[in-house]
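Chains as they are written, first to last, in the UniProt record's numbering: chain A, 1 to 503; chain B, 1 to 503. Every residue gets a Cβ at the ideal spot worked out from N, C-alpha and C, and that includes glycine. For clarity, every value in this text was computed on a predicted model and none was experimentally measured.
2 protein chains.
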Amino acid sequence: MLRSLRIISPSGFNRTRPRLFSSLRSLTEQDVSHLASILPSTPIISTFSPFNNSKDELDSFNTDWMKKYHGNSTTVVKPRSTEEVSQIVHWCWENRVAIVPQGGNTGLVGGGVPLKDELVINLGNMNKIRSFDPVSGILVAESGCVLESLSEYLAPKGHIMPLDLGAKGSCQIGGNVSTNAGGLRLLRYGSLHGSVLGLEVVLPDGTILDQLSTVRKDNTGYDLKQLFIGAEGTLGIVTGVSILTPAAPKALNNVLLAVPNFSKIIPIFRTVRAHTSEILSAFEFFDRTAYEIVCRHGHRRPFQEDIGDAQCFILLETSGGRKEHDEEKLNDLLGTLMNSEENLITTGVLAQSPFQFASIWAMREGITEALTKEGKTYKYDISIPSGSFKDVIDEIREHLRAQGVYPEGGVKAVLGYGHFGDGNLHLNVVTDGYSPKIASAIEPRIYEIVSRYRGSISAEHGIGSHKTGVLHYSKGEVSRAWMKKIKDLFDERGIMNPGKVII
Amino acid sequence: MLRSLRIISPSGFNRTRPRLFSSLRSLTEQDVSHLASILPSTPIISTFSPFNNSKDELDSFNTDWMKKYHGNSTTVVKPRSTEEVSQIVHWCWENRVAIVPQGGNTGLVGGGVPLKDELVINLGNMNKIRSFDPVSGILVAESGCVLESLSEYLAPKGHIMPLDLGAKGSCQIGGNVSTNAGGLRLLRYGSLHGSVLGLEVVLPDGTILDQLSTVRKDNTGYDLKQLFIGAEGTLGIVTGVSILTPAAPKALNNVLLAVPNFSKIIPIFRTVRAHTSEILSAFEFFDRTAYEIVCRHGHRRPFQEDIGDAQCFILLETSGGRKEHDEEKLNDLLGTLMNSEENLITTGVLAQSPFQFASIWAMREGITEALTKEGKTYKYDISIPSGSFKDVIDEIREHLRAQGVYPEGGVKAVLGYGHFGDGNLHLNVVTDGYSPKIASAIEPRIYEIVSRYRGSISAEHGIGSHKTGVLHYSKGEVSRAWMKKIKDLFDERGIMNPGKVII
Numbered sequence: 001m002l003r004s005l006r007i008i009s010p011s012g013f014n015r016t017r018p019r020l021f022s023s024l025r026s027l028t029e030q031d032v033s034h035l036a037s038i039l040p041s042t043p044i045i046s047t048f049s050p051f052n053n054s055k056d057e058l059d060s061f062n063t064d065w066m067k068k069y070h071g072n073s074t075t076v077v078k079p080r081s082t083e084e085v086s087q088i089v090h091w092c093w094e095n096r097v098a099i100v101p102q103g104g105n106t107g108l109v110g111g112g113v114p115l116k117d118e119l120v121i122n123l124g125n126m127n128k129i130r131s132f133d134p135v136s137g138i139l140v141a142e143s144g145c146v147l148e149s150l151s152e153y154l155a156p157k158g159h160i161m162p163l164d165l166g167a168k169g170s171c172q173i174g175g176n177v178s179t180n181a182g183g184l185r186l187l188r189y190g191s192l193h194g195s196v197l198g199l200e201v202v203l204p205d206g207t208i209l210d211q212l213s214t215v216r217k218d219n220t221g222y223d224l225k226q227l228f229i230g231a232e233g234t235l236g237i238v239t240g241v242s243i244l245t246p247a248a249p250k251a252l253n254n255v256l257l258a259v260p261n262f263s264k265i266i267p268i269f270r271t272v273r274a275h276t277s278e279i280l281s282a283f284e285f286f287d288r289t290a291y292e293i294v295c296r297h298g299h300r301r302p303f304q305e306d307i308g309d310a311q312c313f314i315l316l317e318t319s320g321g322r323k324e325h326d327e328e329k330l331n332d333l334l335g336t337l338m339n340s341e342e343n344l345i346t347t348g349v350l351a352q353s354p355f356q357f358a359s360i361w362a363m364r365e366g367i368t369e370a371l372t373k374e375g376k377t378y379k380y381d382i383s384i385p386s387g388s389f390k391d392v393i394d395e396i397r398e399h400l401r402a403q404g405v406y407p408e409g410g411v412k413a414v415l416g417y418g419h420f421g422d423g424n425l426h427l428n429v430v431t432d433g434y435s436p437k438i439a440s441a442i443e444p445r446i447y448e449i450v451s452r453y454r455g456s457i458s459a460e461h462g463i464g465s466h467k468t469g470v471l472h473y474s475k476g477e478v479s480r481a482w483m484k485k486i487k488d489l490f491d492e493r494g495i496m497n498p499g500k501v502i503i
Numbered sequence: 001m002l003r004s005l006r007i008i009s010p011s012g013f014n015r016t017r018p019r020l021f022s023s024l025r026s027l028t029e030q031d032v033s034h035l036a037s038i039l040p041s042t043p044i045i046s047t048f049s050p051f052n053n054s055k056d057e058l059d060s061f062n063t064d065w066m067k068k069y070h071g072n073s074t075t076v077v078k079p080r081s082t083e084e085v086s087q088i089v090h091w092c093w094e095n096r097v098a099i100v101p102q103g104g105n106t107g108l109v110g111g112g113v114p115l116k117d118e119l120v121i122n123l124g125n126m127n128k129i130r131s132f133d134p135v136s137g138i139l140v141a142e143s144g145c146v147l148e149s150l151s152e153y154l155a156p157k158g159h160i161m162p163l164d165l166g167a168k169g170s171c172q173i174g175g176n177v178s179t180n181a182g183g184l185r186l187l188r189y190g191s192l193h194g195s196v197l198g199l200e201v202v203l204p205d206g207t208i209l210d211q212l213s214t215v216r217k218d219n220t221g222y223d224l225k226q227l228f229i230g231a232e233g234t235l236g237i238v239t240g241v242s243i244l245t246p247a248a249p250k251a252l253n254n255v256l257l258a259v260p261n262f263s264k265i266i267p268i269f270r271t272v273r274a275h276t277s278e279i280l281s282a283f284e285f286f287d288r289t290a291y292e293i294v295c296r297h298g299h300r301r302p303f304q305e306d307i308g309d310a311q312c313f314i315l316l317e318t319s320g321g322r323k324e325h326d327e328e329k330l331n332d333l334l335g336t337l338m339n340s341e342e343n344l345i346t347t348g349v350l351a352q353s354p355f356q357f358a359s360i361w362a363m364r365e366g367i368t369e370a371l372t373k374e375g376k377t378y379k380y381d382i383s384i385p386s387g388s389f390k391d392v393i394d395e396i397r398e399h400l401r402a403q404g405v406y407p408e409g410g411v412k413a414v415l416g417y418g419h420f421g422d423g424n425l426h427l428n429v430v431t432d433g434y435s436p437k438i439a440s441a442i443e444p445r446i447y448e449i450v451s452r453y454r455g456s457i458s459a460e461h462g463i464g465s466h467k468t469g470v471l472h473y474s475k476g477e478v479s480r481a482w483m484k485k486i487k488d489l490f491d492e493r494g495i496m497n498p499g500k501v502i503i
């Protein structure tokens with residue numbers, strides 16, 4: 001009973017939270033004056049004297065970009081160096097003041113906004129690139145560097161960042177690391193656990209842990225930095241990142257396929273891999289429902305031919321070193337698919353220009369926005385075996401039907417899209433409006449299904465404050481107990497992003 | 001003074017070790033009887049009654065394959081299941097008996113052999129493959145599976161293991177994970193921190209930590225499994241591994257280049273990357289000294305042309321999806337290199353047959369064996385910026401000259417080879433025989449140099465018992481203190497592989 005209460009009001013305080021804050025105290029005017037005096041050149045925004053900023057000026061720090069999570073912080077500090085971060089954190093440790101580390105504030109689970117009146121340490125001023133080695137491709141950057149600005153820095157040097165996200169114009173590399181961001185390039189370049197080579201972290205007592213290695217191979221003991229990748233700022237504040245950047249591909253191509261039904265997707269995936277192997281960089285899936293919604297809200301229908309009752313779609317992308325080789329591989333692939341005896345595809349489009357390339361991606365990337373025009377959407381970001389995507393979507397749809405909320409009763413559509421190649425499904429339930437009845441019809445059912453597949457209830461979005469109550473669907477009792485021990489080891493006073501990830 | 005004493009006698013007990021064992025007790029005959037009674041079907045080899053095995057029968061468990069490290073264990077257990085491992089470990093925890101987890105015993109730093117009379121838990125009987133998903137390529141195997149047998153299992157399914165080592169015929173996947181093994185495919189497929197998706201671990205108190213995830217993306221809290229990758233069995237015993245296996249490449253090619261001098265290597269590396277990009281799978285370096293030694297000890301000289309005073313050599317390998325495309329890329333590359341205005345290469349050989357392909361690899365892989373025929377070798381496995389390989393080799397050589405041990409005085413040759421693309425240099429000092437004078441001329445100088453470059457004193461071999469005393473050259477005080485805290489958190493009784501990694 002407690003569990004479902006938590007789920008229905010994810011942004012409210014649940015009953016364990018007051019305990020989290022009970023040993024901590026709120027910032028006072030004296031505290032802010034003191035911080036200002038020891039950090040004379042550090043920007044501070046505070047409703048307290050001598051700053052007297054208005055509450056509105058703190059809005060963008062207290063609220064996430066979706067306006068779903070709201071905190072009541074009185075004060076934001078924006079340090080310019082690791083030493084300043086260390087001084088602030090040490091002071092908070094000594095005084096038992098809670099901290100929320102904040103990057104670009106583009107998260108989806110409330111990990112980067114205060115729950116109460118924690119001190120916000122915003123890393124936006126830590127935005128210097130410290131070094132780049134063109135031979136190894138290793139970049140060392142401060143945590144506040146915006147992902148897109150790092151990509152722009154690397155472009156003339158012939159390198160790219162190993163991750164790419166929709167939020168790239170705002171998100172920061174420190175936040176990417178702290179949330180173990182996935183994104184569109186994971187299929188090709190792997191996760192941050194592989195590409196992050198070193199971190200500099202300010203620990204909860206203010207100690208600086210310097211593991212900012214710039215070597216690719218290092219086998220000297222426990223790889224502590226890995227703990228901070230995905231810890232969402234609950235174990236310390238990432239201030240510097242050393243990351244391996246791949247050489248930029250010279251040729252990019254993409255293809256959109258209309259597919260008769262889901263049973264063809266695995267044979268298609270195998271055929272695609274056989275033809276494109278090392279140049280395959282994306283294999284994205286979306287179902288007919290998603291396709292119709294994105295077309296209804298402004299996207300031009302991409303196929304000239306009639307696609308009949310094609311039930312799903314695949315967008316595949318290749319990134320390679322030599323254009324003509326990649327095109328030859330793709331043409332042969334399309335020939336094989338078109339002429340397959342099993343009728344693998346209904347039809348397909350191969351982008352013939354940069355405009356068409358962008359347009360095909362816009363179809364896939366436009367789904368999120370189209371959904372916002374369609375209604376209010378419950379969004380789930382889960383990892384399950386790719387072959388079960390359709391079963392899970394169908395099961396949820398049938399469950400909602402049985403619960404009497406679909407197709408009448410509030411739910412307009414149940415649809416899926418996502419990174420098929422990575423086993424990451426974005427399952428969406430579009431409704432006329434959010435309601436407790438629909439919420440409790442979906443949850444915890446969706447998490448129970450994930451648990452049955454031994455999947456992940458959060459493939460790439462993290463836990464934040466939103467999913468702490470449902471963590472047990474993905475992590476067993478022993479794992480959660482050890483997460484808690486790790487939290488207590490690093491942060492026995494509980495000042496670092498309290499109420500997030502593990503409580 | 002203490003430090004250099006430790007270095008000179010790496011396999012002896014240093015003065016901190018007795019403390020490690022002081023709260024632990026030795027196995028007795030009663031203990032072994034008890035273990036046999038609670039585990040009636042588990043193979044046990046013991047000098048104690050009722051087994052009464054000879055000491056010789058324990059030799060292969062008490063000694064590493066190089067015969068460098070020697071323990072005095074009386075008893076080896078070879079459990080067949082995770083539950084059995086858990087029972088044994090729990091019993092050791094309750095009775096404060098030290099444990100050495102042991103895989104294929106192919107390590108180079110003494111991590112897998114006892115220091116005293118610890119109980120050896122050998123994982124060789126945990127050799128079942130639990131599952132393989134041909135769509136995602138995710139393999140779940142027990143830790144005792146031999147690396148080569150996993151490769152053989154995957155071959156007909158069109159997949160390969162993401163790592164390849166010289167020791168593949170003996171080493172086990174659990175040991176690979178526990179030592180964060182690198183090897184020949186790292187340049188292409190990345191480290192185990194990226195490709196290992198899940199682990200099952202028996203913790204020091206016998207608890208089973210089940211993080212055997214089979215999803216590629218999972219963002220639900222701290223990634224605890226990462227701590228066990230490279231922990232060399234000091235935090236728990238890996239019993240199961242979930243790992244992402246890449247699709248097998250369809251075309252393999254290699255090229256051997258003779259290079260006038262080291263200053264050409266970086267321009268060559270850039271040219272190679274520009275031409276081969278995503279199909280490049282190895283870029284191995286060795287110097288003229290290494291070349292001459294390997295040729296002296298039986299390897300046929302590979303070049304038909306005169307290579308003059310070429311000072312170094314590059315072996316590059318490509319692994320791609322389409323033979324004719326790869327060959328076209330390689331031919332264009334060789335044309336560019338041959339005709340470069342900067343005279344980048346002296347000459348080159350492109351393998352024309354599987355036999356030539358193997359022969360070129362045999363040249364590079366034969367260095368280790370040739371060195372054993374040349375004399376006694378001090379071997380260092382370090383990570384430094386690739387561009388400084390020659391400087392470091394030269395600096396050590398000149399230092400040994402200044403110390404009066406080279407070219408007369410015991411040192412016959414100083415040479416280097418390794419994974420240029422990964423910044424991993426194998427630096428070797430060949431001598432007439434091991435001597436304290438030479439040892440103290442090399443160490444700690446070599447580690448000081450690594451430290452100056454912020455490199456790693458152990459790129460891929462680990463710490464084991466051999467390098468605990470020099471860990472500080474790569475890991476700062478804060479890092480070491482936190483490693484110790486992690487060790488104490490997981491293993492407060494200190495039973496798990498004592499004296500290894502962090503002491």
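Distance check for residue j and residue i, CA to CA, integer angstroms please.
i, j, result
"residue 504 (chain B)", "Thr220 (chain A)", "The first residue shown for chain B is 1 and the last is 503, placing residue 504 (chain B) beyond what the model contains."
"Phe269 (chain B)", "Gly198 (chain A)", "24 Å"
"Asp225 (chain A)", "His325 (chain A)", "This sequence places Lys at residue 225 (chain A); Asp is not what is there. About 39 Å."
"Asp491 (chain B)", "Ile367 (chain B)", "40 Å"
"residue 507 (chain A)", "Thr346 (chain A)", "Because residue 507 (chain A) is not part of the residues shown, which for chain A are 1 to 503, the question remains open."
"Arg445 (chain B)", "Leu471 (chain B)", "14 Å"
"Lys484 (chain B)", "Ile503 (chain B)", "8 Å"
"Glu200 (chain B)", "Ile457 (chain A)", "20 Å"
"Tyr473 (chain A)", "Lys67 (chain B)", "48 Å"
"Leu192 (chain A)", "Gly175 (chain B)", "23 Å"
"Tyr291 (chain B)", "Leu154 (chain A)", "37 Å"
"Gly183 (chain B)", "Glu317 (chain A)", "30 Å"
"Leu463 (chain B)", "Val177 (chain B)", "Sequence check: residue 463 (chain B) is Ile here, not Leu. Roughly 14 Å separates the two Cα atoms."
"Pro10 (chain B)", "Gly169 (chain B)", "Note that Pro10 (chain B) scores a pLDDT of 36, beneath 50, so its modelled location is shaky; the value from the coordinates is reported in the next line. Approximately 27 Å between the Cα atoms of the pair."
Does the Cβ-Cβ distance between residue i and residue j come in under 8 Å?
i, j, result
"Val255 (chain B)", "Gln311 (chain B)", "no"
"Leu139 (chain A)", "Phe132 (chain A)", "yes"
"Val478 (chain A)", "Asp210 (chain B)", "yes"
"Ser37 (chain B)", "Thr75 (chain B)", "no"
Residues of chain B with a CB under 8 Å from the CB of residue i: which are they?
i, result
"Asp210 (chain A)", "Gly476, Val478, Ser479"
"Phe269 (chain A)", "Val135"
"Val501 (chain A)", "Gly221, Tyr222"
"His461 (chain A)", "Asn219"
Which residues of chain A have a Cβ atom closer than 7 Å to the Cβ of residue i, listed in chain order?
i, result
"Ser458 (chain B)", "Asn219, Thr220"
Measuring alpha carbon to alpha carbon, tell me which of the options ends up nearest residue i.
i, options, result
"Gly404 (chain A)", "A:Trp93, A:Asp381, A:Ile438", "A:Ile438"
"Glu448 (chain A)", "A:Tyr434, A:Gly433, A:Thr431, A:Lys475", "A:Lys475"
"Ile396 (chain B)", "B:Val414, B:Asn62, B:Glu148", "B:Val414"
So which residues of chain A does residue i contact, with C-beta pairs closer than 8 Å?
i, result
"His325 (chain B)", "Arg322, His325, Glu328, Lys329"
For residue i, which residues in chain B fall below 9 Å Cβ to Cβ?
i, result
"Asn424 (chain A)", "Val215, Arg216, Lys217"
Open item on the list: I'd like the ranges of any alpha helix (DSSP H) spanning at least 4 consecutive residues and lying wholly in the stretch 234 to 315 of chain A.
Closed with: 265 to 276, 288 to 296
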